[in-house]
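Chains X and V, in that order, are what the protein sequence lines are.
So the first sequence is numbered by our numbering: it starts at 1 and just counts up by one.
So the second sequence is numbered by our numbering: it starts at 966 and just counts up by one.
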Amino acid sequence: MTLATFIRRSLRFYWRTHLGVLAGVAVTCAILTGALVVGDSVRFSLRQLALARLGRVTHALATGDRFFREKLADETGTAPVLMVRGTVSGRANDVQIVGVDERFWRLGATRTFDGFVLNERLATQLDAKVGDDVVVRVEPPSWVPRDAPLSGKADTMVAIRGRVSAIAGDRDFGRFSLQANQVPPYTVFIPLAMLQKELKRVGQVNVLLASGNVPDLFRLWTLADSELVFSNGLLSTSRVFLDPSIKATGAGVLTYFANEIRLSDKATPYSFITAFGNENGIAINSWLADDLGAKVGDELTLRYYVIGNRRELREESTKFRVSRIIPTQKDDLRMPPFPGLADVEDCRKWEPGIPVELDRIRPKDEDYWKQYRGTPKAFISLAAGQKLWSNRFGNLTAIRLSEPVETVGLEPPAWVPVREQALRASAESQDFGQLFIGFSFFLIAAALLLTAMLFVFNLEQRREEVGLLRALGFGPRLVRWLALAEGGALALLGTLVGAAAGRAYTKLTLLGLQTVWRGAIGTMSFQYHAEPGRLAFGAASSLIVALGAMWFTQWRQMQRAPVELFSEQQRTSRRLVPTIAVVSLLGAVALLSMKNAGAFFGAGACLLVTGVGFSDWLLRRLESGASLGLRNAARSRGRSLTIVSVLASGVFLLVAVNAFHQDPRRNAPGTGGFAWYAETTAPLYEGLPGAVPMRVREGDDASCLNLNRAQQPRLLGVKPEELAKRGAFGGKWELLEQHDAAVPAIGDEATVKWALGKKLGDTLPYTDERGRTFQLRIVGVLANSILQGSLVISERNFVQKFPSASGFCVFLMDTMPENLARSLEDKGFEAVPAWRRLAEFSQVENTYLGIFQALGGLGLLLGSVGLAIVVLRNVMERRSELALLQAVGFERRKLRWLVLSEHWLLVLLGVALGVVTAWVAVWPRHGAGVPVLTLALLMAGGLFWSWLAAWMALRGPLLPALRNE
Amino acid sequence: MLLELTHVHKSYASPPVEVLRDINFQLADGEAVAIVGPSGSGKSTLLNILGALDRPTQGTALSDGCDLAALTEPELAAIRNRQIGFIFQLHHLLPQCTVLENVLIPTLTMKATPANRHRAEHLLKRVGLQQRLEHRPGQLSGGECQRVAVARALINQPKLLLADEPTGALDHINATGLGQLLIELNKEQGVALVVVTHSTELASRLPRRLELCDGSLH
């Protein structure tokens, strides 16, 4: 006989009671490991999706509105792509239109495609199949930013028709996207050459995709890649205004278009004027001098348009005194390639993007145009010209180089490690493991309480054994070791069973996330994946927690003297419980005054402890004076209080969480007071009447709908005063204009806290249009708003960082004019009532709350199982007592009522305590009311379990129990 | 002196009651004594103090000259294990163990040796249960169980055997047999014997008889 034999014998002999403990530990372990593996599976699935959307692409070079040579792809061994956004067949907006060739398909598909290829999501949206015709509408990228002065005619759309040749699934790169989101974009793949031709960008692309090592671009990047032209000593750009970042030494030139040059009653319409050198006054050519009859010393008035941030046209004028008259010679090199001007033979066909009164053009003007083209008619100093015509796109249209062109400093954009970013976005994604541990907290606590209770039952059952061992000279440590070794073996076995059952729990949870809880994650399928380390961690944690619960209950028993263990005496402190209850009440009052979500749980827990203290007091009162049944409830106060605690906690969660359900109404603050939220695929340059327009820099969706950690969230640019004057969203919009090294940004709480993992005052690195990194600082957080998913910065900062991003794509509107949607169909206009957009976001939160409640409900189920066990246990222990009552004349029905009244009191006490504490904790947030039906079902369940257990325990003859006594 | 109580008092605070009053008691090696008294007179309390299961409120309890009050709980446990054997009114055999294993339980605090098993078998043979070694307590009669408890009490060769109403739960024949066994073992093994009992018959068969009345020993 050894200690090990003794433990083995005990394990085998008490297997029935051990089974309960084992089940409790197994449930704890299954939930804990299951929750952790849910996290693993979500992360793994996101990683798989990230790899599916990028194929073998490791780096990308994406320049947005700027285009470079397709040949660069040949020189670098990469895949050239032309990417723009548009609509398809009027039924899908915000479609990614991707011009590709076989080099693209080789990076991620099992085969190459030709013709129009839709990805599965777009095909489903269009209900399209191979052979169907589709029409892709896209705004051709402008050579000049649309907000720039003289950018040419805007608002033109190109329609590209084609026949669907294939539908690409995940295995065929159909998920391709450079943005981290588990939901693939709508995508149509078009042959590169065809898209280039339709967009008038032959030989140009705006994306390169690389796999593996990326070549150094400094060696290969040419003037053409920066959209620069060098001719006759002049460095100019097809974008009209030279980017201020271009480093070149030489004399700057700024050529502009004047509406009129006037000398008293004589005026010459529509002329180019060049700012160059240090001209003192204005030098005019002989043609203009003749036309105006001007001579040196005369004062000329120049009228010209300037364009504000929102393309507001403002005609301004300035006076210059004629300094000299120069011969008229054809020299139109200095004229920048203004769209609608430079390429037009007949000046009556000018479309410079500003109002031109063609009837003011005289035959002599037409002759000048034919003979001298854009030869400037006047010259002013560069300083004077820049004062008049500088804008956010630049302050030069050309530079006359004083050095070899090879020395011009070109800054190629940087390769973005998209694969690394994607893997990071999935690795740092919403931690569903932690989330589900949080959600399952009550379930775990209930399972642990059940385990501890069953372990206590086990110890109570063997109390005499412990007393005997101690009487026989077993020291307290050895007795404790024996009990813990036995419990440890059980816990280990339970953990192993639980770890296996955790797999089922995970799969069930993942199934739930893909079906009934789809609101939390959108359309996404998960793959089961368990990291061995995390599985071991979950199992070890369960083991430790179970052993801790066992140690605690065992420790309490060892506090008693051996002789006490031979009797049924109970020891409880009469002072400790009231003291804890009062302290908890004070804690609850303090926490409730904080009025935040975190404090709510603390206050709730404190209130529950107070309530349990109150129940203890009530049960003590029932020890004397109450009816026999109620008095019995007080006999095993520990058990009774355990049941009350579990039920009360569960009910608390159900009621309190229900109060947090969002049900946005039309006037919810999160709408900002706007009735509509609208987006367009192609920007609107003039805005919409009565709407607050916002500029958009596309980025990762940083809303709660994206499970990935957003790396570069979408940015919105707005004039802060337009929101401030309405007090929209309760935000301090003026903070967006504060001067700071970092760009001030305001975001929705869900975006800042969950999607970005930031808080107020934190900074976030961001890349501007030229590929340079700057910092965004969170200066404001909005509560639950329709702006979720993006960060908002001031329009002033926006255009400074993204000067090429022209027009507006997001609109907050008070009304929806009739036919607006139809008239903007080509632009991909889509509007939703603001409250509905809010409701979509709330749906996510509500789904999470629903999960919380469902798992809480499972915890309650365990609680009611515990209740049934307690009833059975109580009755079995008291069978002789009940037999005695029967012997002295109690009817069986009365005995049953005696048992039921005791346990129904506990059910009622638990439910009442849960409801009251929840109401106090969430006061005054009772919008969603009390889940009456759930509570009724719950209470009915509790009453039923008690009845069933009492019935089972009391069936059969009782009197033999008396004889056994 | 094997055991010596001097001016021992024992009282409980809640509810306030003095169970033992000024008890003076001495027990020599190998001596056998019966303590009788009505229910509630404090017999079991006295036995618990003698057996180092409880401590007196006042007075001293010496075991082999060692003050029990000065010992820690592990030291007291060691004394209970090596020097004292207990027999209770109910046998308190562990249902999960066989008869032989039940007898060996007190040896679990020490290293297991073959000698322990031999001694256990010898003791069981002595109490007439050599055919029942592998039986479970549930398969034995009440008298047999109590005899197993006697063997268990003697397994570590204690100097003192304490029996608290050892025949209280037995019928007359079994009670007589067990009483005789205890007296024989006292003589054979040289172990001192203190028996707390209601049974005047058993008490009368022991050489020394004390009566506990209202907490005082006479």
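Cβ coordinates follow ideal geometry from the N, Cα and C atoms, glycine included.
Look at the alpha carbon of residue i and the alpha carbon of residue j, and state the distance between them as a whole number of angstroms.
i	j	result
residue 341 of chain X	residue 238 of chain X	13 angstroms
residue 339 of chain X	residue 62 of chain X	24 angstroms
residue 1108 of chain V	residue 1058 of chain V	12 angstroms
residue 661 of chain X	residue 463 of chain X	48 angstroms
residue 122 of chain X	residue 720 of chain X	36 angstroms
residue 1043 of chain V	residue 905 of chain X	47 angstroms
residue 869 of chain X	residue 654 of chain X	23 angstroms
residue 164 of chain X	residue 128 of chain X	8 angstroms
residue 1101 of chain V	residue 1068 of chain V	12 angstroms
residue 399 of chain X	residue 670 of chain X	51 angstroms
residue 864 of chain X	residue 1174 of chain V	58 angstroms
residue 808 of chain X	residue 723 of chain X	16 angstroms
residue 303 of chain X	residue 763 of chain X	45 angstroms
residue 343 of chain X	residue 142 of chain X	14 angstroms
residue 1005 of chain V	residue 857 of chain X	52 angstroms
residue 1179 of chain V	residue 1162 of chain V	16 angstroms
residue 991 of chain V	residue 1169 of chain V	19 angstroms
residue 360 of chain X	residue 327 of chain X	25 angstroms
residue 1118 of chain V	residue 943 of chain X	50 angstroms
residue 581 of chain X	residue 1090 of chain V	60 angstroms
When DSSP labels each residue in this structure, what does residue i get in the three-state scheme?
i	result
residue 359 of chain X	helix
residue 528 of chain X	coil
residue 677 of chain X	strand
residue 1044 of chain V	helix
residue 459 of chain X	helix
residue 7 of chain X	helix
residue 315 of chain X	strand
residue 343 of chain X	coil
residue 1032 of chain V	strand
residue 635 of chain X	coil
residue 158 of chain X	strand
residue 616 of chain X	helix
residue 1014 of chain V	helix
residue 984 of chain V	strand
residue 569 of chain X	Model confidence at residue 569 of chain X stands at a pLDDT of 49, short of 50, so the residue's coordinates are unreliable and nothing is read from them.
residue 1173 of chain V	strand
residue 939 of chain X	helix
Just to check my reading of the structure: residue i and residue j have Cβ atoms closer than 8 angstroms, yes? What is that Cβ distance to the nearest angstrom?
i	j	result
residue 389 of chain X	residue 254 of chain X	6 angstroms
residue 207 of chain X	residue 60 of chain X	6 angstroms
residue 1050 of chain V	residue 980 of chain V	That pair is no contact at about 33 angstroms.
residue 261 of chain X	residue 387 of chain X	Between residue 387 of chain X and residue 261 of chain X the Cβ distance is about 18 angstroms, and since that is not below 8 angstroms, they are no contact.
residue 1034 of chain V	residue 1025 of chain V	7 angstroms
residue 510 of chain X	residue 526 of chain X	4 angstroms
residue 248 of chain X	residue 408 of chain X	5 angstroms
residue 675 of chain X	residue 813 of chain X	7 angstroms
Excluding the five sequence neighbours on either side, which residues of its own chain have a C-beta within less than 7 angstroms of the C-beta of residue i, listed in chain order?
i	result
residue 9 of chain X	none
residue 501 of chain X	26, 30
Given that residue i touches chain B, what residues does it touch there, using C-beta distances under 8 angstroms?
i	result
residue 2 of chain X	Reference to chain B is not applicable here, since the protein chains of this structure are X and V.
Excluding the 5 residues preceding and the 5 following residue i in the sequence, name in chain order all residues of the same chain whose CB lies nearer than 6 angstroms to its CB.
i	result
residue 20 of chain X	454
residue 735 of chain X	744, 779, 780
Enumerate in chain order the residues of its own chain whose CB-to-CB distance from residue i is below 8 angstroms, with the five nearest sequence positions on each side excluded.
i	result
residue 429 of chain X	42, 43, 46, 707, 708, 709
query = Where are the beta strand (DSSP E) runs, 3 residues long or more, that stay fully inside the stretch 745–811 of chain X, in chain order?
reply = 763–767, 773–782, 790–794
key: Length-filtered (4 minimum) alpha helix (DSSP H) runs lying within the stretch 160–196 of chain X   = none
query = Which runs of the alpha helix (DSSP H) spanning at least 4 residues fall entirely within the stretch 442–509 of chain X, listed in chain order?
reply = 463–471
inquiry  = Please give me, in chain order, every unbroken run of the beta strand (DSSP E) with length at least 3 that falls completely inside the stretch 199–283 of chain X.
reply    = 207–210, 228–231, 234–237, 250–263, 266–276
Length at least 4, wholly inside the stretch 388–446 of chain X: the alpha helix (DSSP H) runs in chain order = 418–427, 432–439
ask   = What residue ranges within the stretch 13–86 of chain X form continuous alpha helix (DSSP H) runs of no fewer than 4 residues, ordered along the chain?
value = 15–54, 71–76
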